[in-house]
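What follows is a short report on a single structure.
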Amino acid sequence: MTTFTPTTAAEMLSAAQWALSEEAPLEIVGHGSKRGIGRPVQVEHVLDLSKLTGVTLYEPAELVLSAKAGTPLAEIEALLAGNGQQLAFEPMDYGPLLGEAPGRGTIGGVLAANLSGPRRLKAGAARDHILGIHAVSGRGEAFKSGGRVVKNVTGYDLSKGLAGSWGTLAVVTDVTFKVLPAAETETTLAVRGLYDEQAAAAMALAMGSSAEVSSAAHLPYPAVARINGGRFGSDAATLLRVEGFAPSVTARLAMLTALLKNAGPLEEIAAEASKSLWRDVRDCAPFAGADDRPVWRVSMAPSECHVMVMALRRQTAVDAFYDWQGGLVWLRMESGDPEAELLRAFVRKHGGGHATLVRASAADRAALPVFQPQPPALAALSARLKEQFDPKAILNPGRMA
Amino acid sequence: MSGLAMPKADSETLARRATIVADLSAIVPGEGVVETVNEMRAFESDGLTAYRQLPLVVVLPETVAQVSRVLKYCNEHKIRVVPRGSGTSLSGGALPLEDAVLLVMSRFNHILSIDYPNRVVVAQPGVTNLGITRAVEEEGFYYAPDPSSQIACSIGGNVAENSGGVHCLKYGLTANNVLGIEMVLMDGEVVRLGGRHLDAEGYDLLGLMTGSEGLLGVVTEVTVRILKKPDTARALLIGFPTSEQGGQCVADIIGAGIIPGGMEMMDAPAIRAAEDFVQVGYPLDCEALLIVELDGPAVEVDHLIGAVEAIAIRNGSTTCRISQSEDERLAFWAGRKAAFPAVGRISPDYYCMDGTIPRKELPRVLHGMRELSEKYGLGVANVFHAGDGNLHPLILYDANKPGELEAAEAFGADILRLCVEVGGVLTGEHGVGVEKRDLMPEMFNETDLDQQIRVKCAFDPGHLLNPGKVFPQLRRCAELGRMHVHRGQVAFPDIPRF
Ligand SMILES: Cc1cc2nc3c(=O)[nH]c(=O)nc-3n(C[C@H](O)[C@H](O)[C@H](O)COP(=O)(O)OP(=O)(O)OC[C@H]3O[C@@H](n4cnc5c(N)ncnc54)[C@H](O)[C@@H]3O)c2cc1C
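These protein sequence lines map, in sequence, to chains A and B. Residue numbers for the first sequence follow numbering that gives the first Met the number 0, so the first one is 0 and each next one is one higher. Residue numbers for the second sequence follow numbering that gives the first Met the number 0, so the first one is 0 and each next one is one higher.
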């Protein structure tokens, strides 16, 4: 086994060209923090991007940052925080869920996995903030797309095309992201003791108000007990995050409180406590740790999700909690069986969406479609795109299959 | 661009026109096929009126099944197809081709579902941008991206162009507000991407489709996010003696962590033209006029108005007015919104450009434009989406004077080259179309362009959908796809490894 560790884009290109010439597939690894996701890639050679590092441009007033793909996310987030800015899409950290150390992961991996967090609801995902890339395709060709300005429709948006491609179309060597001011402060309003259905209604009410709620999550028991050091005890908590300038946050919180006064007991969680709360939601803390029960990440229309979970519960034991106004549900399968077909049938029945098996034994990941299978015409289109960019399947073969 | 070369018309297709019209009439019966020269005149150009071309035939389908059958038929018979929404494109994206079917989506004009709990609207592609807001405003909701053409342009066209508007700085472009589409591929296959849920399960094909200018598929349904209207909006009208000061003020506002709902700048010629036209009291003694709009809860807006005012004064503003009523806020905007027609009054013709630059380069680009203006002997007025660096220079010319159109186009091309030179791009929101097609190599080398054409090859390998747009030359997919790989061709790379 050879692990290539390029330190420049040029070295990266020659590794890809060699792999192509040898038809020797590569596993593309940033920090490997999300290696536990997707079909296990079984290849002889690894392309390790963790030495392709460095922020190459950061202009806070222009809201733009460029970095080499292997730059640690933690380094970028610290740099931005020092200037009162942030990646507004709040990329999650898969480390804890996969039973590994937190704080790892590269900016290239953020794009390749199209990461986001609770603020996805208002601010979008990595795909919504990527402005430009440099990359090397599976044809061993170095190319660029996009630029460094916020508004740009010159040609197809290949940067978005690589978001969520898990390194199967091209290896990104440089990324340029739009960055945004971090909120001055935040407060979370928790409504306590709601059933899933009531929580869905409360969250829809809040999101449909002008309180500009930036995140909305619902933690039923037992997930709620594993958030924020157990501060909520065992009563369900429905969380609404309000961010911005202090006077505005106060006013919008009052608006929400009036709106939800009859929904259930209310509780305010201020500033730092609110931040750490949302970090736990973001990183799927209720299911974190060295645990091999399968975990699914399911995205559906918010109003359908809890209905689907209820139906699923009649068939199998699941532990669940919701983010994105209820549209994102994290499911842990208590029996140890991923129940892929059962779950996906229910998702289809309840308006559609997609279910990704984000934690499972290597055997399950090898045997099951980890990513949501697509209808034939769409699957064929995706396969044609893969064929265009990586005809010899040298990049992460099988990872998304 | 006046000597625009379009793909050579296929003589066989032209010769078979009568059969094709008959076949298409069978697929889309009734009023769905328009074939007389007189009736087709209405479709011979889009918003870039310098170019005109009658299509082979115009088809106005009403159902997805019809779209699918038309495309399948055209695919089988190698007939080109140009999709069209409302025809407001400013880059010639919907310009017909002599041998192509013009597929007009205007009869797809229904809102299919309004879903407040999930905050989405599902609309057919021919619904106008404003039509979506109109459908939900009674409940206090709206659709955020707001191109100035919103009264006319279609949501399908917005997806195809990834359109923006003054609110895009804070609320995002079309790409950030569309959750799903249904589209028909050139071979007639119907594919759905996304829906009421977030993110894609595989490749972000929705991201590729948005801004693809009708070259990848025909959009037949769009699911968009709607937002609750902000409680209040107020605006500041700020004048500066120099564009440098105006630019610095914009940078400082953003530096203070403020992302306004809208932030627009105008230069002296644009200010004068607008004030002459609408008389809303724009100060005429400044080189740069900034409109900053803040929206949200009243407390927030009041708080930020104070902050922005302080920043403006610190940067040497000579005027700084704060709207005290909704009427006054609208008056501040009236001049900016009427900038195009206002310029239309001072010049027989004008040509609207659309580059984006890193904001800090504004003074340099304005200076360069003044030099070019002298070189070409043509005036230029600038309106500028200041928050995101998107420039709209309006070049003044008279099409009746021989050579002026050509000079205006050459001037425009030089402006866009300048935008690219300072780190910007050819187009911020109007698209490449035919207009900027031949400038693409200013920004992309051949390998870069090849990757884009490869996307095209995955969707439409026969290059039948909207050919002649976006790409300066269309490489055949078979040729692009060829791989000559021999083992041992490349030496084992000398790269750090373990
Ligand atoms: C006065 C004026 C002001 C404008 N202001 C703005 C502005 O502020 N911001 C901005 O971004 N743009 C602006 N525009 C440009 C234009 O309105 C937008 O590009 C708009 O999105 C085009 O929509 P349309 O329905 O008119 O599309 P068309 O002009 O008909 O077509 C545009 C492109 O989209 C393709 N297309 C259309 N419908 C479909 C479909 N259903 N499926 C696949 N492809 C399709 C066409 O092939 C073509 O390539 C302005 C135009 C005018 C005339």
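The C-beta atom is built at its ideal place from N, Cα and C for all residues, glycine as well. All figures in this text were calculated on a predicted structure; none of them were measured in a lab.
Can B/Val-382 and B/Ala-269 be called in contact, C-beta distance under 8 Å?
yes
Neighbour list for B/Lys-228 in chain A, Cβ cutoff strictly below 9 Å:
Ser-209
Which residues of the region 51–67 of chain A have a Cβ closer than 9 Å to any Cβ of chain B? Give them in chain order.
Glu-58, Pro-59, Ala-60, Glu-61, Leu-62 and Val-63
Since B/Val-221 and B/Ile-154 are thought to touch, with beta carbons under 8 Å apart, how far apart are those beta carbons, to the nearest angstrom?
About 5 Å; that satisfies the 8 Å criterion.
Cβ of B/Gln-123 within 8 Å of any chain A Cβ
Contacts with chain A at 8 Å (Cβ-Cβ) do not include B/Gln-123.
Are the Cβ atoms of A/Val-212 and A/Leu-239 separated by less than 8 Å?
yes
Does the count of Cβ pairs from the region 371–385 of chain A and the region 62–77 of chain B closer than 8 Å reach three?
no
Report buried or exposed for B/Met-0, applying the criterion of at least 16 other Cβ atoms within 10 angstroms of its Cβ.
In this prediction, B/Met-0 has a pLDDT of 47, which is less than 50 and means its spatial position is unreliable; what the coordinates show is noted afterwards. Buried.
Got a sec, what are the start and stop residues for the beta strand (DSSP E) A/Lys-67 sits in?
Here the beta strand (DSSP E) through A/Lys-67 covers 63–67.
In its own chain, which residues sit with a C-beta less than 6 Å from the C-beta of B/Gly-125, not counting the 5 before and 5 after it?
Met-104, Ser-105, Phe-107, Asn-108 and Ser-153.
Would you verify that the beta carbon of A/Tyr-155 is, or is not, closer than 8 Å to some beta carbon of chain B?
yes
Residues that A/Gly-163 contacts on chain B, provided the C-beta gap is smaller than 8 Å
Counting only Cβ-Cβ distances below 8 Å, A/Gly-163 has contacts in chain B at Asp-198, Ala-199, Gly-201, Tyr-202 and Asp-203, in chain order.
Have a look at A/His-353 and A/Leu-377 and give me their C-alpha separation to the nearest angstrom.
If you take the alpha carbons of A/His-353 and A/Leu-377, they lie about 14 Å apart.
Say yes only if the C-beta of B/Leu-197 is nearer than 7 Å to one or more non-hydrogen atoms of ligand 1, and no if none qualify.
no
Determine contact between the region 325–332 of chain B and the region 360–369 of chain B, defined as no fewer than three beta-carbon pairs at a distance below 8 Å.
no
Proximity winner among A/Asp-127, A/Val-190 and A/Arg-191, relative to A/Ala-162 (alpha-carbon distances):
A/Asp-127
According to DSSP, is A/Ser-32 helix, strand or coil?
coil
C-alpha gap between A/Ser-32 and A/Thr-52, whole angstroms:
16 Å
What are the start and end residues of each continuous alpha helix (DSSP H) run of 4 or more residues lying completely inside the region 351–408 of chain B, in chain order?
361–375
In this structure, how does DSSP classify B/Leu-111 when only helix, strand and coil are distinguished?
strand
Test: A/Met-406 CB closer than 8 Å to a CB of chain B
With chain A represented from 0 up to 400, any question about residue 406 of chain A goes unanswered, as that position is not in the structure.
Excluding the 5 residues flanking A/Ala-269 on each side, which residues of the same chain have their C-beta closer than 7 Å to its C-beta?
Thr-186
Chain B residues whose Cβ lies nearer than 8 Å to that of A/Trp-17:
Val-489, Ala-490, Phe-491 and Pro-492
Have a look at B/Pro-135 and B/Lys-169 and give me their C-alpha separation to the nearest angstrom.
Here the sequence assigns Val to residue 135 of chain B, which means Pro is not the residue at that position. Distance between B/Val-135 and B/Lys-169, taken at the CA atoms: about 20 Å.
Residue ranges of each beta strand (DSSP E) run of no fewer than 3 residues wholly in the region 185–248 of chain A, ordered along the chain?
Entirely contained in the region 185–248 of chain A, the beta strand (DSSP E) runs reaching 3 residues are, in chain order, 212–218 and 236–243.
Contact belief for B/Val-298 with A/Ala-250 at Cβ below 8 Å, rounded distance in angstroms
4 Å
Which residues in chain A sit within 9 Å of B/Ile-258, going by Cβ to Cβ distance?
Result: Leu-62, Leu-179 and Pro-180.
Taking buried to mean at least 16 other C-beta atoms within 10 Å of its own C-beta, is B/His-483 buried or exposed?
exposed
Residue-level contact to chain B via CB, A/Lys-274, 8 Å cutoff
It does not; no Cβ of chain B falls within 8 Å.
Note down, in chain order, each residue of its chain lying with its Cβ closer than 6 Å to the Cβ of A/Ala-198, except the 5 sequence neighbours on either side.
His-217 and Thr-237
How many Å lie between B/Gly-334 and B/Cys-285 at the Cα?
15 Å
How about B/His-485: is its C-beta nearer than 8 Å to some C-beta of chain A?
yes
My output table needs one value for B/Met-0: the three-state DSSP class, helix, strand or coil.
Any reading at B/Met-0 is ruled out, since the residue's pLDDT is 47, under 50, leaving its predicted position unreliable.
DSSP state of B/Cys-319, grouped into three classes?
If DSSP states are grouped into helix, strand and coil, B/Cys-319 belongs with the strands.
Are B/Thr-355 and B/Leu-393 close, meaning C-beta to C-beta below 8 Å?
no
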